[in-house]
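**Q** Handing you a structure now.
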Amino acid sequence: MKPLALRVLTALLALALAAPAGAMAASGELSTSAGSSWQADGTFAIQWDPIPPANPTKALYRLYDSQGQLRLSFSTSPARILEAIDVPDVPDTYTLEAWLVNASGEAGPRSTATLRFDNAAPSAPRLDSAPDWISSLQTATAQVAVEDPLPLSGIGGFAVSVDRGGGSSPCAQPGRCLATEIDLGEGDGGTIPLGALPEGLHFVRAVAVSGTGVPSPVTTVAVRVDGSGPVLYLEGNPAGWSRQPVLVTARAVDSLSGMAATGPLGPFTAVAVDGAAPARALGDAVGAWVDGSGTHLVGSFARDAAGNVSDSKSVRVRIDENPPRVAFAAAQDPGEPERIEATVSDSLAGPSPDRGSIGVRRSGTRTPFEPLLTRNVSDRLVAQWDSDSYPPGKYEFLATAYDTAGNSGVGASRARGGRMVLLNPLKAQLALTTGLARRRLAGHLRRVGGSPVTGREVVVTETFADGAHPRQRTTVVGTDREGAFSLLLQPGPSRDVVARFAGTALLSRASSSTIHLDAATRIRLRSSATAAKVGGKPVVFSGKVALRGVGASAADGLPVELQFRFRGGAWSEFRTVEADARGRFRYRYRFSDDDSRGIRFQFRAYVKGRKGWPYGPGTSRPVQVTGR
């Protein structure tokens, strides 16, 4: 609280606080520069031109509160008339009484003035705004009202500010609002227009201002502004054509006011098909079925919680519920009788570029159609029928086609009518014969009936026995004017030999009978001496198995029988050794029987073969050793 004290101001301060020229107090009148107004400053400027008694000796002052209680009493010299006074720091309506007296106690006329002091802040006002989002096209408003208790000076008005969350204050000076900052004048409150606010979240802050300019605590409310319509998405529409009705769903998304259903006046989403009355649903989604062959226009729009309406969005839905039509070519191409071709037509979706098949079966049967390798060429299905693989007879064909919507259609007739049936064989039949002599393969290629087929390639395939490397070899030879061909087969492992003609568009395939060629194992044997002493130094037998056309390790572990005989006797085995990976073998033999003296023996190596060895049995040339 301020101390209750008399303040005597200088003449300069008195002039500053005094009323303007011409507004001086009348003779004998006591007044304040505030007049009858309230002020928040506890210091009141005093103006008094007293009517004194004869020879005044002092000036007397009394200050009373609104209850008549004396709050202050003091005196001054008549020469120093009071120019300002501090009232107690309690809001009230004070009465100041002043007069002059002389030494004999005679008093001059008494004069009074009313001092209205109020430095109390009002209660924070009640502040309301739109509880929901508003559009940026709407004028934003706030409703303000006073709250009890009211200050003595009453409510001089309300000051309002709007910010984005920075915590601004409606009044620039702390604890004081200027008249120019008042947005709504005296009264209990009312509506304050805020203007058109930009999109986003805004904070409205308001204070009640007392009659002396003291602001209340700040009250804050939020105003939400949505200036954009919802964003639309149309779902369910296939990228291409559909072969069945399509459910198109419109979905609306709004990141500010939202699309939550709140009733007939709240958000909604609408979708319309081909300009018909739109289907409408409260909230963020609505669906509509689109059916019937053709192209349909589906449009949509939506409204958000703030009342903003989206831009319309549309898609085209294409539906084809009808199958494509399929017809085989009117006749076979004479140059390619095995080419099977069918034309596909579809007026809406169009033929599929990657689906479709052609099948074949024996005419007059109910067996399933066997699918042929089929390719799509523009608006046609094209297959190549390998008629050589089918027995003679009549064959019927069925084409299955698709459009890009997925509809399927079948056709079994030619474009000019009649079922698609072919009589096999379609091509000239050929015969291929071969014979083999001393590794020379000879053969002929002729039409059935005898005429030769000249200038054609025949592929001779040699398939070698297990263990050979490589396992197969092919050689291409040509037929001469007589349809003949020949080939000298290279040395090597045992093999099967067959000749084949691949056929052409007009000539059938042909294959010879398989000829088997056995190749004996080639083996060499050497001895370290031609004579051996009984009981003496052993004879070393060594040799090698030929590995032409054999894999790197095919000979590893190959059994080699070492055999002997003497003149007039049969061959007998005396030892079996194994060849290494390079086909080599070695054995030391000591003559120990005295009966061997003077006998000339023959020795040889014999290979019977085993699984994985691609040669037949073979023997080496004999070597001779005499015992002595």
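Numbering (numbering that gives the first Met the number 0), first residue to last: 0 to 627.
A virtual CB, placed ideally from N, CA and C, is assigned to each residue, including glycine.
Under three-state DSSP, which class holds Leu11?
**A** The predicted model places Leu11 with a pLDDT of 26, which falls under 50 and marks its position as unreliable; any figure quoted below should be read in that light. Helix, per DSSP.
**Q** For Met23, is the classification buried or exposed, using 16 other Cβ atoms within 10 angstroms of its Cβ as the cut-off for buried?
**A** Residue placement at Met23 cannot be trusted, given a pLDDT of 47 that sits under 50; what the coordinates show is reported in the next sentence. It is exposed - the Cβ of Met23 has fewer than 16 other Cβ atoms within 10 Å.
**Q** If you measure between the beta carbons of Glu340 and Val308, is that distance less than 8 Å?
**A** no
**Q** In angstroms with no decimal places, state the Cα-to-Cα distance between Gly265 and Asp131.
**A** 11 Å
**Q** Please tell me whether Ala464 and Arg494 are closer than 8 Å, where the distance is taken between their beta carbons.
**A** yes
**Q** Using the C-alpha atoms, what's the distance from Leu488 back to Leu421?
**A** Going from the Cα of Leu421 to the Cα of Leu488 covers about 42 Å.
**Q** Measure the alpha-carbon distance for Arg415 versus Val496 and round it to whole angstroms.
**A** 49 Å
**Q** Leaving out the 5 sequence neighbours to the left and right, which residues in its chain are closer than 7 Å to Thr138 when beta-carbon positions are compared?
**A** The residues are Pro192, Gly194, Ala195.
**Q** Tell me the DSSP secondary structure of Ser110 in three-state form.
**A** In the structure shown, Ser110 sits in a strand (DSSP, three-state: E or B).
**Q** The beta strand (DSSP E) that contains Leu487, what's its start and end?
**A** Start and end: 483-487.
**Q** Just to confirm, are Ser526 and Val606 a CB contact at a threshold of 8 Å?
**A** With respect to the 8 Å criterion, Ser526 and Val606 are not classified as neighbours on the basis of their beta carbons.
**Q** Hey, is the segment 196-214 in contact with the segment 109-126, meaning 3+ C-beta pairs nearer than 8 Å?
**A** yes
**Q** Provide the residue span of the beta strand (DSSP E) that contains Gln383, from first to last.
**A** 379-383 is the span of the beta strand (DSSP E), which, as asked, contains Gln383.
**Q** Please classify Ala221: does DSSP put it in a helix, a strand, or coil?
**A** strand
**Q** Across which residues does DSSP place Glu146 in a beta bridge pair?
**A** DSSP output for Glu146 lists no bridge partner at all.
**Q** Helix, strand or coil for Ser388, going by three-state DSSP, please let me know.
**A** helix
**Q** Taking C-alpha atoms, which residue in Leu506, Leu546, Ser541, Ser450 lies nearest to Pro490?
**A** If we check each option's Cα against that of Pro490, Leu546 comes out closest.
**Q** Using three-state DSSP, classify Glu105 as helix, strand or coil.
**A** coil
**Q** Does the separation of the CB atoms of Asp319 and Ser351 fall below 8 Å?
**A** no
**Q** How close, in whole Å, do the beta carbons of Ser65 and Asp91 come, if the pair is a contact with beta carbons under 8 Å?
**A** 5 Å
**Q** Locate the beta strand (DSSP E) running through Gly199, then write down its first and last residues.
**A** Counting along the chain, the unbroken beta strand (DSSP E) around Gly199 starts and ends at 199-209.
**Q** Take Arg374 and list the residues in its own chain whose beta-carbon comes closer than 6 Å to its own, dropping the five residues that flank it on each side.
**A** Val381
**Q** What's the gap between the Cα of Pro451 and the Cα of Gly550?
**A** 41 Å
**Q** What's the C-alpha gap between Asp555 and Leu435?
**A** 32 Å
**Q** Using 8 Å for Cβ pairs, my map puts Ala158 next to Pro169. What's the rounded Cβ distance?
**A** 4 Å
**Q** Can you list, in chain order, the residues of its chain with a C-beta nearer than 7 Å to that of Arg242? Leave out the 5 residues immediately preceding and following it.
**A** Asp319, Glu320, Ala404, Gly405, Asn406
**Q** Please go through the same chain and pick out, in chain order, the residues whose beta-carbon is closer than 8 Å to the beta-carbon of Pro52, but skip the five residues on each side of it.
**A** Leu99, Val100, Asn101, Glu105, Ala106, Gly107
**Q** According to DSSP, simplified to helix, strand and coil, what is Thr179?
**A** helix
**Q** Report, in whole angstroms, the separation of the C-beta atoms of Val459 and Val538, which I expect to be a contact under 8 Å.
**A** Contact doesn't hold; Cβ gap of about 47 Å is too wide.
**Q** Of the choices Asp283, Tyr93, Ser227, whose alpha-carbon is the least far from that of Gly70?
**A** The displayed chain sequence assigns Arg, not Gly, to residue 70. The option with the nearest alpha carbon to Arg70 is Tyr93.
**Q** Report all residues from its chain with a CB closer than 8 Å to the CB of Phe602; omit the five preceding and five following residues, and keep chain order.
**A** Correct list, in chain order: Leu524, Ser526, Phe540, Leu561, Gln562, Phe563, Pro621, Val622, Gln623, Val624.
**Q** Pull up the CB-CB distance for Gly184 and Gly156, whole angstroms please, since I reckon it's below 8 Å.
**A** 5 Å
**Q** What would DSSP say about Lys610, mapped onto helix, strand or coil?
**A** coil
**Q** Our contact map puts Gly282 next to Ala259 with C-beta atoms below 8 Å; I'd like the distance itself, whole angstroms only.
**A** 7 Å
**Q** State buried or exposed for Pro469, treating a residue as buried only when at least 16 other CB atoms are found within 10 Å of its CB.
**A** exposed
**Q** Please report the Cβ distance between Ala509 and Glu337, rounded to the nearest whole angstrom; I am assuming they are in contact, meaning their Cβ atoms lie under 8 Å.
**A** Actually they are not in contact, since the Cβ atoms of Ala509 and Glu337 sit about 16 Å apart, beyond 8 Å.
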